[in-house]
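*Asks:* Following this message is one structure expressed as structure tokens.
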Ligand code: SF4
Ligand code: SF4
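Numbering (this note's numbering), first residue to last: 50 to 361.
Right, here's the structure in full:
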């Protein structure tokens with residue numbers, strides 16, 4: 050028996066820790082396991098994938114997983130940019146997804162009817178028990194539920210060695226996920242069918258207008274092309290989004306000053322005066338393409354005009 054898995058998410062969501070916890074718990078249960086993370090840019094929010102192979106037999110290779118039995122998705126907004134990983138799941142395999150969407154909506158998003166779909170709102174569970182937006186414990190619980198291993202007790206032991214703190218809170222989140230994860234079986238499985246794609250290198254994370262040029266087009270040595278963060282849409286990282294109550298805003302622009310992503314903008318909006326007269330005025334707004342949902346603007350606003358609202 051050998052199960053090959055890929056865990057996909059963003060830096061800061063605990064992807065690597067999740068694979069170490071499931072690997073350690075599986076070892077406690079008598080399996081062999083090997084976990085290899087693969088990073089792009091090593092920074093919060095950047096896409097991360099981690100490979101985890103669990104086997105009853107010793108594992109002698111350390112190759113990245115190309116066609117997984119299980120893909121665990123930490124952030125449903127990554128599905129479009131990581132479609133290659135969903136396509137690579139073996140027919141009859143599992144896609145475990147953290148999403149606030151209903152199972153029907155999640156099914157449409159994943160777009161495969163030949164795999165088991167496992168749906169849970171891991172962020173909601175993590176927030177209630179651990180007070181953090183780190184869904185790794187709940188996703189480990191969902192994994193345990195559908196695979197039948199590692200056992201919950203072994204996951205708890207792995208929390209003790211891997212985290213060393215907040216063990217009870219993390220375990221409560223894992224247990225709730227184990228109980229609540231919704232499993233949708235495949236509509237059809239052709240056992241002889243092959244996956245539509247494979248998971249390749251880190252380059253699969255790249256998006257944007259990159260092109261490979263020949264040696265004649267390459268710049269002179271030492272010259273660097275101008276860069277831009279325009280195509281780096283940090284809005285995809287968001288779990289909560291800022292929403293403004295214009296009646297409380299005094300236009301002090303403190304939010305603009307502190308926003309780390311230049312996502313506070315001023316835009317014209319229709320307003321109504323005390324006698325019903327309509328007029329246009331400049332007002333604070335958000336550029337949701339780049340707002341990563343950090344909540345700094347809501348923290349610094351002196352009038353409480355900005356609230357963070359769950360979006361996932
Ligand atoms: S939530 Fe963060 S990124 Fe978004 S507008 Fe507020 S400060 Fe900027
Ligand atoms: S910090 Fe608050 S009051 Fe000041 S401009 Fe921003 S939303 Fe308005």
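The C-beta atom is built at its ideal place from N, Cα and C for all residues, glycine as well. Computed from a prediction, not measured in an experiment: that's the story for all the values here.
(1) Reducing DSSP to helix, strand and coil, say where residue 263 ends up.
(2) Note down, one range per segment and in chain order, each alpha helix (DSSP H) of at least 4 residues found wholly within the stretch 148 to 227.
(3) Suppose you measure from the CA of residue 33 to the CA of residue 317; what does that come to, to the nearest Å?
(4) Taking buried to mean at least 16 other C-beta atoms within 10 Å of its own C-beta, is residue 351 buried or exposed?
(5) Does the structure place the stretch 96 to 115 close enough to the stretch 226 to 241 that three or more beta carbon pairs sit under 8 Å?
(6) What does a CB cutoff of less than 6 Å around residue 155 pick up in its chain, not counting 5 residues either side in sequence?
(7) Can you check whether the CB of residue 53 is closer than 8 Å to the CB of residue 118?
(8) How would you call residue 151, buried or exposed, if buried means at least 16 neighbouring beta carbons within 10 angstroms?
(9) Go ahead and label residue 328 buried or exposed: buried means 16 or more other beta carbons lie within 10 angstroms of its beta carbon, across all protein chains shown.
(10) According to the neighbour-count rule (16 or more other Cβ atoms, all chains shown, within 10 Å of its Cβ), is residue 309 buried or exposed?
(11) Grab me the residues of residue 63's own chain with a C-beta within less than 6 Å of its C-beta, minus the 5 sequence neighbours each way, in chain order.
(12) Answer with buried or exposed for residue 323, where buried requires no fewer than 16 other C-beta atoms within 10 angstroms of its C-beta.
(13) Go through its chain and collect everything with a Cβ distance to residue 314's Cβ below 6 Å, but skip five positions before and after it.
(14) Out of 305, 294, 343, 245, which one is the CA nearest neighbour of residue 133?
(15) Less than 7 Å separating the Cβ of residue 204 from some heavy atom of ligand 2?
(16) Where does residue 281 fall in DSSP's three states?
(17) Quick check: residue 95 and residue 188, are their CB atoms within less than 8 Å of each other?
(18) Let me know if residue 277 comes out buried or exposed under the rule of 16 or more other beta-carbons within 10 Å of its beta-carbon.
(19) Is residue 293 near ligand 1, judged by its Cβ being under 7 Å from some heavy atom?
(20) Flag residue 340 as yes when its Cβ comes closer than 7 Å to any non-hydrogen atom of ligand 2, and as no otherwise.
*Replies:* Considering the structure as presented:
(1) In this structure, residue 263 counts as coil in the three-state DSSP scheme.
(2) Entirely contained in the stretch 148 to 227, the alpha helix (DSSP H) runs reaching 4 residues are, in chain order, 152 to 159, 171 to 179, 185 to 196, 201 to 211.
(3) Look at the range of the chain in this structure, 50 to 361, and you will see that residue 33 is not part of it.
(4) Exposed.
(5) Contact fails: fewer than three Cβ-Cβ distances are below 8 Å.
(6) Here the set comprises 146, 148, 168.
(7) In contact: residue 118 and residue 53 (Cβ atoms closer than 8 Å).
(8) Classification of residue 151: exposed, given that the 10 Å Cβ count is below 16.
(9) When all chains shown are included, residue 328 counts as exposed.
(10) Result: exposed.
(11) So the list reads 183, 185, once near-sequence residues are dropped.
(12) Residue 323 is exposed by the Cβ-count criterion.
(13) Taken in chain order, the residues that qualify are 334, 336.
(14) Of the residues 305, 294, 343, 245, the one whose Cα lies closest to the Cα of residue 133 is 245.
(15) Incorrect: residue 204 has no Cβ contact closer than 7 Å to ligand 2.
(16) Residue 281 falls in the coil class under three-state DSSP.
(17) Taking C-beta atoms as the reference points, residue 95 and residue 188 fail to come closer than 8 Å.
(18) The residue is exposed, with fewer than 16 neighbouring Cβ atoms inside 10 Å.
(19) The answer is no for residue 293.
(20) At a threshold of 7 Å, residue 340 does not count as near ligand 2, since its beta carbon sits no closer than that to any of the ligand's heavy atoms.
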